[in-house]
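I have placed the structure first, in the form of structure tokens, so that the comments after it can refer back to it.
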Amino acid sequence: MEVTISTAELLTTDGIPLKQSLRKAERRNKLRAFLLVFPLLLFIIVTFVMPIGDMLLRSVDDSQINSVFPNTFEEYKNWDKGADELPPEEVYKSLFFELANGDKRQIGKALTRMNYAKSGWKSLIKKTTREIKKIVKKGEEPVSYKDTFIKINKFWGDPTYWYSFNQMVNDRSSIYYWNALDRTFDEDGDVVLQDEKRRMYIKTWLRTFKVSVYVTIFCLILGFPVAHLLANLPLRYSNLLMIFVLLPFWTSLLVRTTAWIVMLQQNGVINGILVWLGVISDDGRIQMVYNEAGTLIAMTQILLPFMILPLYSVMRVIPKSHMRAAQNLGAKPAMAFWRVYLPQTIPGISAGGLLVFVLAIGYFITPELVGGKDGKLIGSWIAYHLKTTLNWGLCAALGGILLGIMLIFYWLYNKIVGIDNIKLG
Amino acid sequence: MALPSYASPVQRTYYYFYLFFCTVVFFFLIAPLFAIIPISFSVSPFMVFTEGMLAWPPDPEAWSIRWYKNMIGDCSADVVSSTVPCSTKWMVGTVNSFYIGIIATVIATALGTLAALGLSRPHMPYKGLIMAILISPMIVPLIITAAGMFFFYARINLVYTFTGVILAHVALATPFVVITVTATLVGFDMNMVKAAQSLGAKPMRTFFKVIMPLILPGIISGALFAFITSFDEVVIVMFMASIDQLTIPKQMWAGIRQEISPVILCMATCLVLLSIFLLTTVELLRRRSEKLRGIKAR
Numbered sequence: 001m002e003v004t005i006s007t008a009e010l011l012t013t014d015g016i017p018l019k020q021s022l023r024k025a026e027r028r029n030k031l032r033a034f035l036l037v038f039p040l041l042l043f044i045i046v047t048f049v050m051p052i053g054d055m056l057l058r059s060v061d062d063s064q065i066n067s068v069f070p071n072t073f074e075e076y077k078n079w080d081k082g083a084d085e086l087p088p089e090e091v092y093k094s095l096f097f098e099l100a101n102g103d104k105r106q107i108g109k110a111l112t113r114m115n116y117a118k119s120g121w122k123s124l125i126k127k128t129t130r131e132i133k134k135i136v137k138k139g140e141e142p143v144s145y146k147d148t149f150i151k152i153n154k155f156w157g158d159p160t161y162w163y164s165f166n167q168m169v170n171d172r173s174s175i176y177y178w179n180a181l182d183r184t185f186d187e188d189g190d191v192v193l194q195d196e197k198r199r200m201y202i203k204t205w206l207r208t209f210k211v212s213v214y215v216t217i218f219c220l221i222l223g224f225p226v227a228h229l230l231a232n233l234p235l236r237y238s239n240l241l242m243i244f245v246l247l248p249f250w251t252s253l254l255v256r257t258t259a260w261i262v263m264l265q266q267n268g269v270i271n272g273i274l275v276w277l278g279v280i281s282d283d284g285r286i287q288m289v290y291n292e293a294g295t296l297i298a299m300t301q302i303l304l305p306f307m308i309l310p311l312y313s314v315m316r317v318i319p320k321s322h323m324r325a326a327q328n329l330g331a332k333p334a335m336a337f338w339r340v341y342l343p344q345t346i347p348g349i350s351a352g353g354l355l356v357f358v359l360a361i362g363y364f365i366t367p368e369l370v371g372g373k374d375g376k377l378i379g380s381w382i383a384y385h386l387k388t389t390l391n392w393g394l395c396a397a398l399g400g401i402l403l404g405i406m407l408i409f410y411w412l413y414n415k416i417v418g419i420d421n422i423k424l425g
Numbered sequence: 426m427a428l429p430s431y432a433s434p435v436q437r438t439y440y441y442f443y444l445f446f447c448t449v450v451f452f453f454l455i456a457p458l459f460a461i462i463p464i465s466f467s468v469s470p471f472m473v474f475t476e477g478m479l480a481w482p483p484d485p486e487a488w489s490i491r492w493y494k495n496m497i498g499d500c501s502a503d504v505v506s507s508t509v510p511c512s513t514k515w516m517v518g519t520v521n522s523f524y525i526g527i528i529a530t531v532i533a534t535a536l537g538t539l540a541a542l543g544l545s546r547p548h549m550p551y552k553g554l555i556m557a558i559l560i561s562p563m564i565v566p567l568i569i570t571a572a573g574m575f576f577f578y579a580r581i582n583l584v585y586t587f588t589g590v591i592l593a594h595v596a597l598a599t600p601f602v603v604i605t606v607t608a609t610l611v612g613f614d615m616n617m618v619k620a621a622q623s624l625g626a627k628p629m630r631t632f633f634k635v636i637m638p639l640i641l642p643g644i645i646s647g648a649l650f651a652f653i654t655s656f657d658e659v660v661i662v663m664f665m666a667s668i669d670q671l672t673i674p675k676q677m678w679a680g681i682r683q684e685i686s687p688v689i690l691c692m693a694t695c696l697v698l699l700s701i702f703l704l705t706t707v708e709l710l711r712r713r714s715e716k717l718r719g720i721k722a723r
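Printed below as a string of structure tokens:
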């Protein structure tokens, strides 16, 4: 039998080659799918991604103060700190004119910035500006600008004030990031530790990690048996018990936090029960809230569902026959559990553990409300600088570091679990 | 999973310990939520169980609904206490919370459903990257989001406005809609869409008559998630709303911070009831959705 293979290209009824036509249809399908996603993508980029990017830019931005004292900073860079104790005459001269002629509002903003570098700048410059304006009004030209400054206030002869300029002389600077890690620049622009009094961030970072690790471990210890029970009960019971896990999940965070204050405070439910049981005396009530213990207890309960749910979904698909088979082959129950069951739950443990840990390091509301003085986490500092000190550069840098840490862990999470495997409820 | 009849005494002990441990954990999860309900009906202006409440037989004098009256803004003589302020703030907050929540939910559901439809198509380019961007608001800690949005929205004069808060809440809520609706679309039979189109239905008609009824349970679940996200959110509201733009969580925050009063517990009780209602609804919807898609009930 003769087989004929057509060498001509396959054509559609319109006479267009089939391949081309298919490609066109494919392209159109892609475009259509993309058009459906586009509105939300645009929305998220404008309302969310750009703000985050803006924050990251702000964390390295020092341009405002540079636009107020451009000449002073330029001259300052020429100061040979090894040779002269104080900056050269030109620095004083530039500062004189920039203070005399500068825009009052802009100078005010710059002063706030200078105070972050060294407290005392604000009042010093304010006093000095008043005196300078008087001199300008009289129309006198000072013989030596340096002496004039020092005559106005002796601090102008104190090099430590001048050294703090090192933190501000560049448009883009990493100083906020160093500040967020308790570091600063010394007179040569090298990174050194802050004064003892001003070191507080490393302590808080460490506490944030410590609390997060503890909360993750507690959640694992409490969540593992519960997830195991839920996964192995007949469905009609486990669905019912699942309510205990899901109800806290659906309840407002503030309600849960309030509930813990009610439970743990000195006149609270737990202390009441302990006194009633005679475990502690009436004046021996334990302080369980407004400290680190309160933060740990409340956060463990709040984050527990995030541990139980991934564990549950992994455990549900582990065949029950595995444990029986292991024991049949002579393993003691403990051995069977350790060698056969536990390894199969590792995906659930890592998913739950990472999720709880990542949520915990970014937590703000609960530690802020029940943490008291020694239970606050890094989120509280971000809020403090955002709302109270208005040191937005430092606020953004703290946020930037936190974001970086989160991204590393989410990258891990994505490697292990896959980000699009996130399920709710 | 009962214990086999051949279990040794040691195994038995382990097993009962395990059951006891699980009971304690369940108790730990749920007890705080229910402990606050009785206290909200106390006469006392402190957030504690009073002796009268624990007395047997029950002492009716110890119980009252005065704090609920206080919450709804009824400041008559029998309600007012020297330590607990009485104002209409809670009601103003409730109205605002629903206002922000409902608008944010409508926008988030519309945008999120559209995006989920696109993401579920087999031809979607750069799916992983786009999904990561769309989900990011759920992942980034709220305090960072709040800081970033505050700086950015301050530049375009959106801080201290409801518009700013609503936009922020939409961004936070859409990931939940995207995830829920995408999950519903898994196993959705695309042939039904083709069948509808081959019978002459235009895309809009196909969506509303064929796709929508099938994924409606997922959309409603997503919308409820979106609503509760906005309704509970306090960090963004704290920074982006002006002082008199109160919402329930913001008022609760202020309540815990400054004026610890049982009125907070009344609102908390209402919110627990709301969450029970939402949880039940979502659970029923999930079962219905599985039935619709022909997945056998587990």
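Protein chains in written order, with our numbering: chain A, 1 to 425; chain B, 426 to 723.
Ideal Cβ positions, reconstructed from N, Cα and C, are used throughout, including at glycine.
Starting from residue i, trace the beta strand (DSSP E) both ways and give me its first and last residue.
i, result
"A:T184", "R183 to F185"
"A:L193", "V191 to L193"
Which bits of chain A does residue i rub up against, with CB to CB less than 8 Å?
i, result
"B:D657", "S252, L253 and L254"
"B:C447", "P225, V226 and L229"
"B:R546", "N29, R32, A33 and L36"
"B:G518", "What B:G518 touches in chain A: nothing, since even the nearest Cβ is about 12 Å away."
Over what stretch of residues does the alpha helix (DSSP H) that includes residue i continue unbroken?
i, result
"B:Q676", "I673 to R682"
"A:A83", "Unbroken run through A:A83: none, as it is neither H nor E."
"A:V289", "Per DSSP, A:V289 belongs to no alpha helix (DSSP H) and is neither H nor E."
"A:A351", "L342 to I361"
"B:T475", "No alpha helix (DSSP H) holds B:T475; DSSP gives it neither H nor E."
"B:M665", "V660 to M665"
"A:Q20", "L18 to I44"
"A:G120", "Taken as a continuous stretch (DSSP letters only), A:G120 belongs to no alpha helix (DSSP H), as it is neither H nor E."
"A:S380", "I378 to Y384"
"A:I221", "Y201 to N232"
Which chain B residues are close to residue i, counting only those with a beta carbon under 7 Å from its beta carbon?
i, result
"A:C395", "A572"
"A:V245", "L454"
Chain A beta carbons: is any one of them nearer than 7 Å to that of residue i?
i, result
"B:A533", "no"
"B:G728", "In the structure as shown, chain B begins at 426 and stops at 723. Residue 728 of chain B is therefore absent and cannot be evaluated."
"B:F523", "no"
"B:G612", "no"
"B:L428", "no"
"B:A540", "yes"
List the residues of chain A whose Cβ lies closer than 9 Å to the Cβ of residue i, in chain order.
i, result
"B:T599", "L40, F43 and I44"
"B:L554", "Going along chain A, no residue has its Cβ under 9 Å from B:L554, so there is no contact; the nearest lies around 10 Å."
"B:F664", "A383, L386 and K387"
Quick check: is the beta carbon of residue i nearer than 7 Å to any beta carbon in chain B?
i, result
"A:W156", "no"
"A:G372", "no"
"A:T366", "no"
"A:I382", "yes"
"A:Y410", "yes"
What residues of chain B sit near residue i, judged by a beta carbon separation below 8 Å?
i, result
"A:A259", "P457, L458, A460, I461 and A693"
"A:R58", "F576"
"A:D426", "No answer is possible for residue 426 of chain A: it lies beyond the span of chain A, which begins at 1 and ends at 425."
"A:T47", "M574, L592, A593, V595 and A596"
Pick from the options: whose alpha carbon is nearest that of residue i?
i, options, result
"B:M637", "B:G625, B:Y578 and B:F613", "B:F613"
"B:F471", "A:A293, A:A231, A:I261 and A:I297", "A:I261"
"A:I270", "B:T448, B:Y440 and B:F474", "B:F474"
"A:I107", "A:S94, A:I125, A:A326 and A:E90", "A:I125"
"A:Y410", "A:L398, A:I361 and A:L377", "A:I361"
"B:L671", "B:V660, B:A621, B:N521 and B:I644", "B:N521"
"B:F650", "B:V659, B:T534 and B:I464", "B:T534"
"A:G399", "B:T513, B:T570 and B:Y440", "B:T570"
"A:N101", "A:I416, A:F69 and A:K118", "A:F69"
"B:F575", "B:F446, B:V660 and B:S430", "B:V660"
"B:S646", "B:T605, B:I525 and B:L592", "B:T605"
Quick one: which chain A residues come within Cβ less than 7 Å of residue i?
i, result
"B:S510", "Reading the sequence as shown, one finds Pro at residue 510 of chain B and not Ser. Under the 7 Å cutoff, chain A gives no residues; its nearest Cβ is about 17 Å from B:P510."
Say yes only if the C-beta of residue i is nearer than 6 Å to one or more non-hydrogen atoms of the ligand FAD, and no if none qualify.
i, result
"B:Q683", "Absent from the structure shown: the ligand FAD. Ligands present: none."
Identify the contact partners of residue i in chain E, using a Cβ-Cβ distance below 7 Å as the criterion.
i, result
"B:Y443", "Going by chain labels, chain E is absent from the structure shown, which instead holds the protein chains A and B."
Residues of chain B with CB closer than 9 Å to the CB of residue i, please, in chain order.
i, result
"A:K26", "The question names Lys, but residue 26 of chain A is Glu in the sequence shown. Result: H548."
Taking only runs of the alpha helix (DSSP H) that begin and end inside the stretch 486-542 of chain B, which ones reach a length of at least 4 residues, in chain order?
491-496
At 3 residues or longer, and completely inside the stretch 138-188 of chain A: list those beta strand (DSSP E) runs for me, N to C.
183-185
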